Structures are given as C-alpha cells and as structure tokens.
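Here's the structure we're looking at; comments come further down.
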Amino acid sequence: MADFDSIPRDHLMFNHAVPLHVATNHVLLITDCLQLPVELQDGVSKIMKYAPHKNFVDEGAMQDNGAEYRWHLSFGYDQELRPGQLVVTSNYSSYKDIATGDRFEVYVRYHRKLEAFRAIGRLLGAARDLLVLTDDHGPLVNFSEQAQFDTQGVMVDCSRNGVLRLESVNTLLCNMALMGLSMLQLYTEDTYEVEGEPLFGYLRGRYSQRELATIDDFAFDLGIEVIPCIQTLGHLGQILQWPHYAHLRDNTEVLLAESETTYEFIEKLIKAAAGPFRSKRIHLGMDEAHGLGDGRYRQIFGYKEPTRIFVEHLQRVNEICTRLGLQPMIWSDMLFCLAAKNNTLQGYYDENNNPAEAPELVESMPPNMELVFWDYYHTSPDIYAQKLQQHRELGCQQPWIASGAWTWSRFWTGLPFTFESVRASTIAAKHKDNGVRNVFITIWGDEGNECDIFSSFPALCYYAEHGYTDQDEVNIPLLKRNFEGICGASFDDWVFASKIDDTPSGNPITIRTHYVPNISKWLLWEDPFLSFLSPQYVDEDLESHYGAIAAHLFDAIEDKRDTHPFNARLELPARLALVLSLKCHLRQRLVEAYRNRDYETLYDLAQGRLTRLREEVDRLWRCHRSLWMKMNKPFGWETLELRYGGLRARLETMYDHIIAHVQCMLMRKEQQQQQQHQNMGGEEDNNGNNEERRRSSSVAEELLDEENVHWRIPEFDADLECLFYGSRTNLLLDYARVATPSRPG
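For the sequence shown, the residue numbers in my numbering are 658 to 1402.
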C-alpha cells in the first residue's frame, strides 16, 4: 500500500484530488410520512431514526432545529422508468429564488423501491456540500441515475468469531439502502439455528430463526433482498470437530460425499437456512473443499477422481434445491482447482486453466446452477474478463462476480488496494460482453474478525457509485459527500486510517500487487521480548510513522465530533497506532542498553516506554472489547481476548525480567565495590591470605551467576536474523506465525 501521492492514477487521489468543503446542519430534509407511498413508509421511518446527522425528519413530528434551509421531499413510483432508474427534480434551482409563501420542493421518482432510498442518500450527501449555501445548487438536487446491475450487494462473514448483533445488521442495511446496494448475504457456516442440532453453532452466537426473519423484514422495508449464504461441502470444520458429527466427516473440513446421511443433513441445513427469508435464491458455498475424496471417503468408497465426486455431489444438492423451489449458486473455484489439480489461488486464476476444455464436466453441470467468480487480488479488468469468458464456456451465461473489501486478517480495511481491485472487477462486470448482471462485495473476517467491519463503508460507498455509472471512473466529490451524508464520517480520515498497514517507504500499488500487507497486525501480536520480525523493518522509522498516524486520527475524532460523529470509530486504529509507536524498535533500544551495560537507560526504558506501552495496550484492549460488544454477539471475543492476554502477560514478564536484571547487576556492582574496598584495606604482610580471599570470592560469584537467572537476559543475548528476504514489511501474516517463532508440539 502506498501513500496516495505515489499512485499515478488520478481516480485514487482521494486525499488530495478535490477537497470537500463540508456544510454543517444547514439543510434539513423533510417529508410527510403519511403522504408517502405505502411501500416506503416503514423504510423511511427506519432511515430517519438512523440518519447520523439527524437531518431527515417527518413533517408531522418536526421540531425546529435552527436549519437555514429546508428541502421538502416527496416520492412517486413511476412505471415508465426502467428498473434501477431514479429521477430527482426540484422546483427551484436556487433556494434564494423561492417565491414568498412557497417552499423548496424536491420530487423523487423511482421504479424499484431501493432507488428511492438511494435518492435519499444522494440528497443527504448534497446537504453536506457548501454549494447549497450559494445561489445555484440545482445540479445537487436535479439528477438521474441508472443501476448498472440487476443485483449489487454485500456479503458479510458471520462465521469467523464475529456474529453481528441485529442492531449492527440494521445499521449496515440502512447504509446499504442509502448507497443503493440491493442485496445482503450473511455468510453463516454454522451460525444459524437448525432444529434438532444443538451442536450446530454451539457456543458460537448462532442466529435464531426468529432473528433471521427479523433481519429479512427490516431489509424488505428498505428494498433489499437477503439471500442465505451457507456451506454444503467444505468449510464445516466448526461442526466436524465434534464426535457427534464424525459420521459426516470426509476430513476435518469437508463433508462425506455420496453418503445418504450427508444429504439428509444437507437438506436439513438448506431448509433451515432458507426458511426465514422471502428470497428463493440460496448460496450453497462449496469453495475450498480441499482434500475432497482423500479421507474417509476413500476408505469407504475407494478412489474416485475428485472432479467427479464434486460434480456428482453438486448434482445431488441441486436436486434438493429444485425440490424445494430454490435457485442455487456456488463459488466457482473448485471447478477450476480440481481441473488444474492445484488447490492454490494459482490454480483458480491461471488463465491457461480452463475446465470447460473437459466436455464431460460441462455436460454434467446442472444448467440452473449459477457460478460466483470471486477475485479480490487483481487490478486489471482484462484478467476478470478472461475468467468470465471461461465461466460462460462452462455453461453459466450470467456469472456473478464477487469483489473483496480487504477486511480479513487486519484491524482496519485496506482501502487503497480495495479501491483498485474493486474498480477493475466492476469495470469488467459492466462490460456488456461479459454477461454479468449480479455482483456483490465480500467482507471476510479470517483470522478472528479483528477488523471493525464498518471500516469497509468507504469501500461499499465507492462500490455503489460504480454501480450507478456506466463510466470507468466515479465522481470523487460526489463519492465523498455521499459518504459523509450517509455515514456521518470523513471519507479522507477513514482512508487515512488504512495507513496503519503502510510504512514510511510505502508499498506502491502496481499491476503486480495482489494483496494488502497487514503490518499493524503482525507488529502488534509479534512477541515483544523476542521481536523476531524486527529485521524486516530495522531501517524504517516506524515510531515516528505510527506516532503521526495516531496524532492525526485522535485529532480527526476530537476536532470533528460535531460535524462527523461517526469519526469516533477511528479510536481503534488510533489506539493501535499509538501502541505500535511505542512497541516498534523497543527491543532494539533495550538490547543496545543491555549489551552496553547501561543499566540506567535500561531501567528508564522499562519504567518509561515499556510501562507506557503496557498502559496503552490495556487501553487498546478495552477499546476493542467495547467496540466488539456493541457490534457483535459476545461469542468469539474470547479468541481475541486470549491474544490480548498473551501480549499483556509477555509484556509483564519482559518488564519483570528487566527490573530484576538491573537490580541484580547493581547489587553485583555494589558487592564488587565492597569486596574491592575490603581487599585494599587488608594487611600488606598478609598478601597470601588476600589472594586466597579473592579466589574464593571469584568462585562464589560464578556460583551465584549460575544459580540466579537474572544475572543475564538470554532473550537479549540472542542475535536476530532476517526471515523473509526481499519482502521487508510487505508481509501478510497470521497470529500463530508472529506470536512466537516456535511451533508448539
């Protein structure tokens, strides 16, 4: 990830391209809820309660808030418009032209219910622009748009520790509606209730059937379709770990194909997942089913080519969906990886790997099965277009595309690279030759769901803007003010927070960039005593880097508390940056003092910088815990709390050992001085006895050295080596890799 100044393409120059001059609450949006079309009334009421600036109100319940300008909104369904089209017009181009006794009217025409809410989002954004205070702001309230897709939505991971509370889902849905995103999938491997299966989602915060129905009702009022998103082959290790489900196990992650008991179980899952929702579409998963047919399957049924196992399993599950009146979709990667005999991403994305070249595979694919091509890693539209062609050759004439907001294995969304990859995939999807009518963006939570998933909101807003223009680039000022009006936060500040995974030297985004490093994560969880990854960043001034980030983010919270209330969420990356400004290079400073036997500096570092670090880690832990409990169900937090507990314990051990070492060495120095004084004060004629005493003292000292572990700090005696040559800080590492250099057991 690079500083935006180093990125050549203007469309990503969010920090410097066009500054957005923000109005405060000068504009009040007013509508008469009793006069709204019936289909909008409940949804508009929800948006009014959510609106972060509290500037969208019901005329019947309006109180004077001192707003200088009032826009009176009315809405009408227009059957002459195309699906996905909206038109907004005003009766005056300038508020100052209003005739005496008249009022400023804004009329919204829509075809799909969702576009009415998209129009509200646009108007909330327009209200944030200072142009509304000038003579002519007509273009802000007179516009038309056309959705580029039949479906453009969001998938949220609710299986990696974090299961969103209903209030969080509702907040997400309100934001989606105002952005114009029409579909939500909650990715639930085992986190939904299945009747008669108490160990399915056991102690994981699973959604009840009633909760899912409530989510569907809320979304319906906003014009959003909720599609169940589950797993019916792989990624089921959470249940397969228990003896109760051993009979369904091929391997630790994959269900046993060809077993009738398995299909009875899958039908039970599909009924439970689809039951609470109005939608007849269902996402069956089936991605990354590694080792398919190599475990218990082979012991029971013998060897069979994995592609055959997969397709036959797909046919059986499709039969269940057909019988239940459901339209299924699956992730497409296994079709490519099995054909390539390569389970890595390379097998999926290799342009020379085309499973359609096997006629028997094409012929055996269920014709109604929709394929979802997922790619979060490329920044060239041509790569997406080439793979889409291969999907069509497999028989899927309208493949889906899933983009990715880089939320996984980090604390804050990697927004700059997300913008690049989303841009590339969406440009390819909008090209009519590629046949894409349905798309969504994923928000994954791999590695514990440490990330504030709402940090993806700038990515969702950017993605939505692409969905309402046929151009390759989006209107950046429009994007910024829409984000500020809808989300109540500063777009630039939220993008700036992504710098926690950058370095002073930067990692420029190029055509060869395929991932976002998670520097802040591995710097936080890296063992502080060993700091064994420090050779990767030894020549970077990360202390100043993270100190500046922390200062900027804390200022962005405090200075914009009234104008950007949602900037309060920047506290997590701000506190993380503050911790890293103290933690980075700390071992290097300590080792230097230790090896120079500079005990005063060593003591000062322990009592100063190290003690401050321990205090700030505690504050970060409490901040993160508070954020988690407001956003997610409590289940799953224990995983992250164990990480914080481990870090706190290691810092305490580090502090105790340093203080004990300093005390020992000062005591030793004092003893040596006393011994020297005694030796010099002895009788000159008793030289033989003095020599004997010196030898005895030396032997006693050696024995003390061996018995007292605090005479030395072995962790500081160890020299460190560079482990990832050529990578520097451009690393994407998980917790287990950085918590210790050792492998347990």
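Cβ atoms here follow ideal geometry from the backbone N, Cα and C, with glycine treated the same way.
The structure presented is a predicted model; accordingly, all values stated were derived computationally and were not measured.
Where residue i falls: helix, strand or coil (DSSP)
i, result
"residue 678", "The predicted position of residue 678 is uncertain, since its pLDDT is 46 and thus under 50; no value can be drawn from it."
"residue 814", "strand"
"residue 1401", "coil"
"residue 1387", "coil"
"residue 1119", "helix"
"residue 1077", "helix"
"residue 968", "helix"
"residue 720", "coil"
"residue 1168", "coil"
"residue 826", "helix"
"residue 707", "helix"
"residue 1043", "helix"
"residue 978", "helix"
"residue 779", "helix"
"residue 1392", "helix"
"residue 786", "strand"
"residue 1072", "helix"
"residue 1065", "coil"
"residue 1051", "coil"
"residue 1226", "helix"
"residue 991", "helix"
"residue 950", "coil"
"residue 958", "helix"
"residue 1380", "coil"
"residue 759", "coil"
"residue 1002", "helix"
"residue 702", "helix"
"residue 667", "Because the pLDDT at residue 667 is just 37, under 50, the model does not fix this residue reliably, and the point stays unresolved."
"residue 1021", "helix"
"residue 854", "coil"
"residue 1026", "coil"
"residue 750", "coil"
"residue 1083", "helix"
Integer Cβ distance of residue i from residue j, believed to fall under 8 Å
i, j, result
"residue 797", "residue 789", "6 Å"
"residue 1173", "residue 1074", "5 Å"
"residue 1038", "residue 1045", "Their Cβ separation, rounded to whole angstroms, is 10 Å, which puts residue 1038 and residue 1045 out of contact at 8 Å."
"residue 1162", "residue 1069", "Not confirmed; about 20 Å, so no contact."
"residue 747", "residue 795", "7 Å"
"residue 598", "residue 782", "The displayed coordinates of the chain run from 658 to 1402. Any statement about residue 598 would go beyond what the structure contains."
"residue 1190", "residue 1395", "6 Å"
"residue 1086", "residue 1096", "5 Å"
"residue 1107", "residue 1297", "6 Å"
Beta bridge counterpart(s) of residue i as assigned by DSSP
i, result
"residue 939", "985"
"residue 1059", "1031 and 1097"
"residue 743", "767 and 802"
"residue 732", "765"
"residue 821", "1289"
"residue 713", "686"
"residue 840", "810 and 882"
"residue 849", "864"
"residue 727", "685"
Neighbourhood of residue i by C-beta distance below 8 Å, restricted to the same chain and skipping five residues each side
i, result
"residue 1026", "971, 975, 985, 986, 987 and 1053"
"residue 1092", "1045, 1049, 1054, 1055 and 1056"
"residue 659", "Here residue 659 scores only 34 on pLDDT, less than 50, and its place in the model should not be relied on; the value that follows carries that caveat. Around residue 659: 1073, 1159, 1163, 1164, 1165 and 1166."
"residue 1214", "1224, 1225, 1227, 1228 and 1231"
Cut-off 7 Å between Cβ atoms - residues of its own chain near residue i, not counting five sequence neighbours on either side
i, result
"residue 1292", "820, 860, 861 and 862"
"residue 1246", "1262"
"residue 1328", "none"
"residue 993", "1004, 1005, 1010 and 1012"
"residue 844", "812, 813, 814, 815, 816 and 886"
6 Å Cβ shell around residue i - same chain, five flanking residues per side excluded
i, result
"residue 968", "1021"
"residue 770", "696 and 880"
"residue 1061", "1033 and 1099"
"residue 1151", "1115"
"residue 1171", "1034"
Item checked: Complete runs of the alpha helix (DSSP H) confined to the segment 861 to 921 [at least 4 residues] -> 866 to 878 and 894 to 897
Checklist line | Ordered list of alpha helix (DSSP H) runs contained in the segment 1228 to 1270, each at least 4 residues | finding: 1228 to 1240, 1243 to 1252 and 1256 to 1262
Checklist line | Completely contained alpha helix (DSSP H) runs for the segment 1265 to 1339, where each covers 4 or more residues | finding: 1268 to 1288 and 1294 to 1337
Checklist line | Complete alpha helix (DSSP H) runs within the segment 1104 to 1166 (minimum length 4 residues, chain order) | finding: 1114 to 1123, 1133 to 1144 and 1148 to 1153
Item checked: Whole runs of the alpha helix (DSSP H) within the segment 1175 to 1211, excluding any shorter than 4 residues -> 1176 to 1182
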